[in-house]
Amino acid sequence: MSLKKNLYIVGFLCLAFLTSENLFAQQKDFQLWTSAGISKEFNKKFTLGGQFQTRFDQNSSALGTTFGEIGAKYSVADFFKTGVNYRFRTRGEGLTQRIDFENTLRLKLNDERFYFRILVQRDFYRSAIDDDNLRLRLKYQHKFSKKVKGYLAAEYFYGWEYADGFRNWRRQRYTGGFEYEFKKKSFIELFYRYQGDMNKPRPDQDYIIGVGYKLELD
Numbered sequence: 000m001s002l003k004k005n006l007y008i009v010g011f012l013c014l015a016f017l018t019s020e021n022l023f024a025q026q027k028d029f030q031l032w033t034s035a036g037i038s039k040e041f042n043k044k045f046t047l048g049g050q051f052q053t054r055f056d057q058n059s060s061a062l063g064t065t066f067g068e069i070g071a072k073y074s075v076a077d078f079f080k081t082g083v084n085y086r087f088r089t090r091g092e093g094l095t096q097r098i099d100f101e102n103t104l105r106l107k108l109n110d111e112r113f114y115f116r117i118l119v120q121r122d123f124y125r126s127a128i129d130d131d132n133l134r135l136r137l138k139y140q141h142k143f144s145k146k147v148k149g150y151l152a153a154e155y156f157y158g159w160e161y162a163d164g165f166r167n168w169r170r171q172r173y174t175g176g177f178e179y180e181f182k183k184k185s186f187i188e189l190f191y192r193y194q195g196d197m198n199k200p201r202p203d204q205d206y207i208i209g210v211g212y213k214l215e216l217d
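According to numbering that gives the first Met the number 0, the sequence shown is numbered sequentially starting from 0.
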């Protein structure tokens, strides 16, 4: 096994060990996220896609939320991609909507990929602005073979919650996962994620297993 593969596995195990240690000590929530998505590329630059996702909370015993999302991405250059996404879900008796704009830089080095994403997000509840977020994400991806890729990512949220008068760094998120192409253009993703609130007196901490399916159309 190569040194790069060993380093990737060590990083993933460290993520699992550090977050699971907090889980047992603090008895925070364990969640299961599932998703199914489809996308189609046009002219090797423009991509349209959508997904449906469910999230189970309360130690994965109850359905917390479901939502649908559609989006479009455009490859400005080999190293730069921009996009827009729209998400909708129900919350109580109202409809929650979210729109975000993202810009992603990519560096390619043989089987390695490095990504830096800036995402600006606005949430609406019953047609009124609920909150805004600026999200910064760093991601490393390694190609183990033609069918298997692994990745590690760290993301930080700066938020404006208007109802509570909150404006600060609000959330951190760390993820390690694998993607497997089991059939041409059909992918299964498995990941482990820790996310926790920041700068709040009673911060939530979530420990998440995610399973997803994705189909890419020619």
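Idealized CB from N, CA, C, for every residue including glycine.
N-terminal and C-terminal residue of the beta strand (DSSP E) that residue i is part of
i, result
"D130", "A127 to K142"
"S38", "D28 to F41"
"S185", "S185 to D196"
"D205", "Q204 to L216"
Whole-angstrom distance between residue j and residue i, CA atom to CA atom
i, j, result
"Q120", "K182", "34 Å"
"Q30", "D203", "12 Å"
"L189", "G176", "6 Å"
"T33", "R54", "6 Å"
"R116", "K44", "18 Å"
"N21", "S60", "Residue confidence for N21 is low, a pLDDT of 49 falling below 50, so the modelled location carries little weight; the figure read from the coordinates is stated next. Cα to Cα, N21 sits roughly 20 Å from S60."
"Y191", "V75", "31 Å"
"R172", "T64", "19 Å"
"N109", "T95", "42 Å"
"A162", "D129", "7 Å"
"E40", "L216", "7 Å"
"K133", "G93", "Note that residue 133 corresponds to Leu in the displayed sequence, not to Lys. The straight-line gap from Cα to Cα measures roughly 24 Å."
"A127", "I69", "21 Å"
Counterpart residues of residue i in DSSP-defined beta bridges
i, result
"F165", "E160"
"F177", "G149 and L189"
"R116", "T103 and R136"
"R121", "I98 and D131"
"K182", "S185"
Check: residue i C-beta below 6 Å from any heavy atom of the ligand GDP
i, result
"D163", "Because no ligand of any kind appears in the structure shown, any question about the ligand GDP cannot be addressed here."
On the three-pair Cβ rule with 8 Å, is the stretch 195-205 touching the stretch 164-171? yes
Where in the stretch 56-111 do unbroken runs of the beta strand (DSSP E), each at least 3 residues long, occur, reported from the N-terminal end onward? 61-76, 79-90 and 93-108
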